[in-house]
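The next block holds one structure in the form of structure tokens; read it before the comments.
Numbering (this note's numbering), first residue to last: 65 to 207.
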């Protein structure tokens, strides 16, 4: 007997850089969530009919009260977890306005891109974290 296929979940991800493009935003998941305590870039599930870009921008506002602008979409990443099949849609974003507030995350901080490698991210983010560690300019020029 075969197991039923897991539903594909589309997730908008915002890789938010500050206005000077020198630091990137990382957030820590709350302890009552899946992958509790892991760090991540702001994001979440796309609502029905919502584009991944709109989702990423909305999630940043809902999670940390920042207004951002998407500058570039990066290639989608698919990953199979025991509980879900996810497709991450990452967007390089720039902070436009607002002050950082912990609305739906346990912690959030601006870090230098090369330091993201020292944070524990979910395994679906491995390639993305390595790409971000190379900095803002590299993300805008990478295919």
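Beta carbons: idealized from backbone N, C-alpha and C, even for Gly. No experiment lies behind these values; they were computed from the predicted model shown.
{"query": "Touching by the beta-carbon criterion (3+ pairs, under 8 Å), the region 152–163 and the region 177–186", "result": "no"}
{"query": "For residue 105, the nearest candidate out of 90, 94, 135, 73 (CA to CA)", "result": "90"}
{"query": "Beta carbon of residue 168 nearer than 8 Å to that of residue 126", "result": "yes"}
{"query": "Presumed contact (8 Å Cβ cut-off) between residue 76 and residue 120, rounded CB distance", "result": "4 Å"}
{"query": "Cβ distance (whole Å) where residue 27 is taken to contact residue 193 below 8 Å", "result": "As shown, the chain starts at 65 and ends at 207. That puts residue 27 outside it, with no answer to give."}
{"query": "Expected contact under 8 Å - CB spacing of residue 175 and residue 88 to nearest Å", "result": "6 Å"}
{"query": "Rounded Cβ spacing between residue 149 and residue 71 (contact assumed at less than 8 Å)", "result": "7 Å"}
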